[in-house]
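Asker: Handing you this structure, nothing more for now.
Here you go:
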């Protein structure tokens, strides 16, 4: 597997109800995303609400996605779990169905010390055959993977990069600085509001939710950065901020972003907008606002 | 099932390694606890590190515990999960193996709004046959079940009580006040440092970790409160604080309490001290300190 | 000065506008509180919104209060400040006008480490002639005075006690335990919702906001605890919870408690309800609710 | 006053002891900074530890700084205070001594709601004659000035910009987006680790602590951004990160950054390194590390 780079959308999980995949929607969504020219596909992350899904459904999603993508781009699978054994089980499924790599965040119920966390990553990664990526997501795991821990884990031969969703660019800049010597190590940014600047500062790509419904925009931004066309990067960054301040700003809970993406996809007739518990899909009023936003943004 | 009251220890899960129960230890531990005169047994809670265990092992633990207890006291099973379906699966196991009730905390990855949380509890509880108890544990779930939410959920006929591990006695006092009319509704306290005062103020009992190794102390304290022998309650509270400031204060991470309990049980030759990831058992130096504390406390 | 004990109300600061004392209101308020049989008076604390007042006004308040109280009970003055020198200036004012002791919380802008905090308390207390009390108030100072730090500072001869407003009864119980040997050291509780249990567990008294408008209730509760009439303590605790769940629960911001107290005093025609910035007094609608609550509670 | 832009260092306050300015050091420091070609000077901010200084010393610092700068660059004065009246007093001093503008963060003891905060800013700014800048500093004030609040306050004619020290680039990007129409409104970044990207994305300049000892580096970076020489910006950003990961990473408390700056200035024989309480200057061992870092960075 080549060094991971570019736009690797964190795919939402299309559902008909809490334990049934929207299979038709899934196929349409994958094709929609791949048509955008993305460089990879990340399933069962936070945007994919993995922790809210049954293990059976997670397994089915891996199988169907790998089959549908069929090697066109790398498929990366989130295997984060509070239970060590269940992380391994899911990593084995990923390998069996042909995924290319796994992503692991800290176990998210017990607050581990940094020493304990470091040992945890070493232990779990040593049992997984696929290449691994670390996932820094303190808003949901309540644990930061400190730069020194990343550095220590990055010495393991099967660790190929970090996805940073902390939203903390000082952290990102410190990582970039400390990992400079590692040429084959990917540093990917989560929040799309930070994509332009992370690319400007030497990041390798983005795992951005908006690339579910507008993959071309993010790919174009990435390509402009590769071409060092910084004016274009800024124009496209402005469009990304247009999405962030509209589509992701409807509703009043922390879940506004995921709900906005699913509602946009449903409005675009790509897949169902059912949300697994503890969330619920936008109602009519919010749907209408999303529709208007999509029209203003010329996405619809 | 009668109204839950008294001391219901949150049992640790004796392990030989990360995916193997210490079966002999489990049997010894259950007998040790029941010999202390406790009023119930709570398995697969935070002290039982449920989120760190494979589902297979959790299922085995329920089966073996129910069989061993054999109706001598009610067995309560923690079924909290980030995935709705897995909560139901575990609740079905609990029912199948003969447990008496389940305990449910908020799903702990995504930060739900209080309205979403309330709907979640209604939905999940309506699908569970066994009596349910709410579990307020904000330090680990990062969500408070606000008093108004508890009040609304308490209207469901199968909801029989709350276990409050917030450590916030103002919260507890507000709950006590608001739930006054509900005669058959149990209000149980988690932190043993707060057991004496919660009983003094009308609480129904405690789910206290120390009752794993010193069950008689907590039962005696509970009985003294029932007898309104408040001087005795205070003397015993002082002993509880002796445990808290010694056994639970070794080591430097948030996991000191669970590690201290397991180390005490191992020192007392009741069960193995293996800790599931991301934690690790105390080493020799810390073990020696725990042994000394147990001797000073005349537990050993 | 005798060991501080009993009910020491944290007096609100009656204001006509942002920089003018309500002098008539102040006199009436002091007499109202003292008529309740309280054991001391604490001015310029959090309830007294000291940080929101000009230094000139703080100084005037100390002078007028000391003069009006005229030795009938001890007057304790909050001198917490982010600037070392201003803490000393205010402590000198307190001494000059005849106050009996000062209360000091951690400086609240910069996040000091515990070692730095410990040194800070040693340095500042060594420059103050009056007896000093530590003030643990993490919700506002964002710093906990850890039990070990309290223990170390308690060795200074001029330190006579701690006021704990953390709301964390485990912390309080640990302090009580560790300070057991110090017979002349006072442990006072801030939140009135925890007064009953703190007295039950050996606390020395309360610094409770409700004693501004209902001083007799808190004094009666304290006296019942001294008499070990625990049933009476519980009945009165229930009345305290009635106040907490009504008077302090109007409005939607963290300032509900202080606003409720001031509004109650204004409704009772004791003093003006003007609130110093960044707060604002309750409007008509909220005032009517407070009035109704006071009537239901038979305070009005 | 022209639109504020470029590098406006947040000056440390040189002290001989807790209440005595290091007057010679202050003069040397101002000349050192101004020789670096900076575009303004910000005194009495967080780096200047304003909240830790007596009011008398703050006043003296304003007077001496304005006199020494003598109009060569604009002087901006932090007037944030928990007390409304003391903010006005300090703003009056700033005006009297000839400063050009004031900076105001939220009052930092009481947790105001956003509505209350908005009203507070309107009230306080309406009483100040000098131009005002908002200061978003949630790590120390514990309050975010939400984008909608900034937008509302920005309508006041005397409000000319925002200094954002949140470290949250998504927040910054949202502000940039929402304030796009306001041509004369400055958006300045606090953390120097984020200077390059904020300039890349349309920010107007930086209030960066490192410009106390290495002003030329930050000015050069700013000028390269103005020239759209993005490769140069990245090379200089890398040097800024070298400072951040060395000079600011000695010692174990939150105060490492300010201590590192003061120690560097003392090592460079520019001014005294005395730290006002609750902090303390680095000791010999840490000083030696800072000296080595400065040599490696070719600053010394």
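Residue numbers (our numbering), protein chains in the order written: chain S, 550 to 849; chain B, 550 to 849; chain D, 550 to 849; chain V, 550 to 849. No residue lacks a Cβ here, since even glycine has one placed at the ideal position from N, Cα and C. Remember, it's a predicted structure, so these values are computed and weren't measured experimentally.
Of the residues that make up the stretch 579–604 of chain D, which ones have a beta carbon closer than 7 Å to any beta carbon in chain B?
Answerer: Answer set for the stretch 579–604 of chain D: empty.
Asker: So, for residue 663 of chain D: in the same chain, excluding its five sequence neighbours on each side, which residues have a beta-carbon less than 7 Å away from its beta-carbon?
Answerer: Walking along the third chain from the start, residue 663 of chain D turns up at place 114. For residue 663 of chain D, where only same-chain residues beyond five positions count, the Cβ hits under 7 Å are 695 and 698.
Asker: Could you tell me whether any Cβ in chain S is nearer than 8 Å to the Cβ of residue 636 of chain V?
Answerer: Within the fourth chain, the letter at position 87 stands for residue 636 of chain V. No, no contact with chain S.
Asker: Less than 8 Å between the C-beta atoms of residue 607 of chain B and residue 590 of chain B, yes or no?
Answerer: Counting from 1 along the second chain, the entry for residue 607 of chain B is found at position 58. Counting from 1 along the second chain, the entry for residue 590 of chain B is found at position 41. No, the pair does not count as a contact, with Cβ atoms beyond the cut-off.
Asker: Where does residue 621 of chain D land, buried or exposed, given buried means 16+ other C-beta within 10 angstroms?
Answerer: Taking the first residue of the third chain as 1, we reach residue 621 of chain D at position 72. Exposed: under 16 other Cβ atoms inside 10 Å.
Asker: Please list, in chain order, the residues of the stretch 789–806 of chain D that have any C-beta partner in chain V closer than 8 Å.
Answerer: Of all residues in the stretch 789–806 of chain D, 801, 802, 803 and 804 have a Cβ within less than 8 Å of some Cβ in chain V.
Asker: Please state the DSSP three-state secondary structure of residue 675 of chain S.
Answerer: Your numbering for residue 675 of chain S matches position 126 in the first chain. Coil.
Asker: For the candidate residues S/717, S/576 and S/626, whose alpha-carbon lies nearest to that of residue 680 of chain S?
Answerer: Position 131 of the first chain, counted from the first residue, corresponds to residue 680 of chain S. Per the Cα distances, S/626.
Asker: From S/828, S/611 and S/725, pick the residue whose C-alpha is nearest to that of residue 804 of chain S; which is it?
Answerer: Locating residue 804 of chain S in the first chain gives position 255, where the first residue counts as 1. The candidate whose alpha carbon is nearest that of residue 804 of chain S is S/828.
Asker: Using only the alpha-carbon positions, how far apart do residue 693 of chain V and residue 683 of chain V sit?
Answerer: Working through the fourth chain from its first residue, we reach residue 693 of chain V at position 144. Working through the fourth chain from its first residue, we reach residue 683 of chain V at position 134. Straight-line Cα distance between these residues: approximately 11 Å.
Asker: What is the DSSP secondary structure of residue 834 of chain V, reduced to helix, strand or coil?
Answerer: Here residue 834 of chain V corresponds to residue number 285 of the fourth chain, with the count starting at 1. It is helical.
Asker: With distances taken between CB atoms, is the gap from residue 766 of chain B to residue 789 of chain B smaller than 8 Å?
Answerer: Within the second chain, the letter at position 217 stands for residue 766 of chain B. Within the second chain, the letter at position 240 stands for residue 789 of chain B. Against a cut-off of 8 Å, the Cβ pair of residue 789 of chain B and residue 766 of chain B comes out as a contact.
Asker: Residues bridged to residue 736 of chain B by DSSP?
Answerer: Within the second chain, residue 736 of chain B is the residue found at index 187, counting from 1. Answer is B/711.
Asker: Go through its chain and collect everything with a Cβ distance to residue 603 of chain B's Cβ below 7 Å, but skip five positions before and after it.
Answerer: Within the second chain, residue 603 of chain B is the residue found at index 54, counting from 1. So the list reads 568, once near-sequence residues are dropped.
Asker: For a test of the three-state rule: what should DSSP assign to residue 650 of chain V, helix, strand or coil?
Answerer: In the fourth chain, the residue the question calls residue 650 of chain V occupies position 101. Strand.
Asker: Which runs of the beta strand (DSSP E) fall wholly inside the stretch 574–613 of chain S and span at least 3 residues, in chain order?
Answerer: As far as the stretch 574–613 of chain S is concerned, its whole beta strand (DSSP E) runs of at least 3 residues are 590–592.
Asker: Against chain V, does residue 575 of chain D count as a neighbour if the rule is that its beta carbon must be under 8 Å from one of theirs?
Answerer: Counted from its first residue, the third chain places residue 575 of chain D at position 26. Taking Cβ atoms only, chain V never reaches closer than 8 Å to residue 575 of chain D, which makes this a no.
Asker: If you follow the beta strand (DSSP E) that residue 681 of chain V is in, where does it begin and where does it stop?
Answerer: For this step, residue 681 of chain V is matched to residue 132 along the fourth chain. Unbroken beta strand (DSSP E) run through residue 681 of chain V: 681–685.
Asker: Which residues does DSSP list as the beta-bridge partners of residue 566 of chain B?
Answerer: Against the second chain, residue 566 of chain B aligns to sequence position 17. The partner list for residue 566 of chain B (beta bridge, DSSP) reads B/569.
Asker: For the putative contact between residue 651 of chain V and residue 597 of chain V, defined by C-beta atoms under 8 Å, what is the C-beta separation to the nearest angstrom?
Answerer: For the purposes of this step, residue 651 of chain V is identified with residue 102 of the fourth chain, where counting begins at 1. For the purposes of this step, residue 597 of chain V is identified with residue 48 of the fourth chain, where counting begins at 1. Not a contact, Cβ separation roughly 13 Å.
Asker: Determine the burial state of residue 706 of chain V: buried for a count of at least 16 other Cβ atoms within 10 Å of its Cβ, exposed for fewer.
Answerer: Walking along the fourth chain from the start, residue 706 of chain V turns up at place 157. Classification of residue 706 of chain V: exposed, given that the 10 Å Cβ count is below 16.
Asker: For residue 724 of chain D, I'd like the list of residues in its chain whose CB is within less than 7 Å of its CB, leaving aside the five on either flank, ordered along the chain.
Answerer: Here residue 724 of chain D corresponds to residue number 175 of the third chain, with the count starting at 1. If we look at residue 724 of chain D and ignore the five residues flanking it on each side, its Cβ neighbours are 696, 699, 711, 713 and 736.
Asker: Have a look at residue 832 of chain S and residue 653 of chain S and give me their C-alpha separation to the nearest angstrom.
Answerer: For the purposes of this step, residue 832 of chain S is taken as residue 283 along the first chain, with counting starting at 1. For the purposes of this step, residue 653 of chain S is taken as residue 104 along the first chain, with counting starting at 1. Answer to the nearest angstrom: the Cα atoms are 33 Å apart.
Asker: Quick check on residue 757 of chain B: does DSSP put it in helix, strand or coil?
Answerer: Counting from 1 along the second chain, the entry for residue 757 of chain B is found at position 208. Residue 757 of chain B falls in the coil class under three-state DSSP.
Asker: So which residues of chain B does residue 742 of chain D contact, with C-beta pairs closer than 8 Å?
Answerer: Residue mapping note: residue 742 of chain D aligns to position 193 of the third chain, counting from 1. Correct list: 718, 719, 722 and 723.
Asker: With three or more beta-carbon pairs closer than 8 Å as the criterion, would you say the stretch 781–801 of chain B touches the stretch 817–827 of chain B?
Answerer: Cβ pair count under 8 Å is below three, so no.
Asker: Are the C-beta atoms of residue 758 of chain V and some chain D residue less than 8 Å apart?
Answerer: Your numbering for residue 758 of chain V matches position 209 in the fourth chain. So no, residue 758 of chain V is outside the interface.
Asker: With 8 Å set as the bound, which would you pick, yes or no: does the beta-carbon of residue 765 of chain V sit closer than that to a beta-carbon of chain S?
Answerer: As a first step, residue 765 of chain V must be located in the fourth chain, where it is residue number 216. No, its Cβ sits nowhere closer than 8 Å to a Cβ of chain S.
Asker: In this structure, does DSSP put residue 625 of chain S in helix, strand or coil?
Answerer: Taking the first chain and counting its residues from 1, one reaches residue 625 of chain S at position 76. Here residue 625 of chain S sits in strand by DSSP.
Asker: Rounded C-beta distance between residue 812 of chain B and residue 844 of chain B? I'm assuming under 8 Å.
Answerer: As a working note, residue 812 of chain B is residue 263 in the second chain. As a working note, residue 844 of chain B is residue 295 in the second chain. Not really, about 14 Å apart at Cβ, beyond 8 Å.
Asker: Looking only at C-alpha atoms, which of B/636, B/816, B/821 and B/810 sits nearest to residue 558 of chain B?
Answerer: Within the second chain, the letter at position 9 stands for residue 558 of chain B. Nearest C-alpha to residue 558 of chain B: B/810.
Asker: Based on the DSSP secondary-structure assignment, which residues constitute the bridge partners of residue 555 of chain S?
Answerer: The residue you call residue 555 of chain S lines up with position 6 of the first chain. Its beta-bridge partners are S/754.
Asker: Looking at the C-beta of residue 665 of chain V, does it have a partner C-beta in chain D at a distance below 8 Å?
Answerer: Counted from its first residue, the fourth chain places residue 665 of chain V at position 116. By this cut-off, residue 665 of chain V is an interface position.
Asker: Which stretch, first to last residue, makes up the alpha helix (DSSP H) that contains residue 798 of chain D?
Answerer: Position 249 of the third chain holds residue 798 of chain D. First-last for residue 798 of chain D: undefined, no H or E at that position.
Asker: Could you spell out where the alpha helix (DSSP H) holding residue 720 of chain V opens and where it closes?
Answerer: Working through the fourth chain from its first residue, we reach residue 720 of chain V at position 171. Per DSSP, residue 720 of chain V belongs to the alpha helix (DSSP H) from 718–727.
Asker: Short check: CB of residue 646 of chain B to CB of residue 674 of chain B, under 8 Å?
Answerer: By one-based count along the second chain, residue 646 of chain B stands at place 97. By one-based count along the second chain, residue 674 of chain B stands at place 125. Going by C-beta atoms, residue 646 of chain B is not nearer than 8 Å to residue 674 of chain B.
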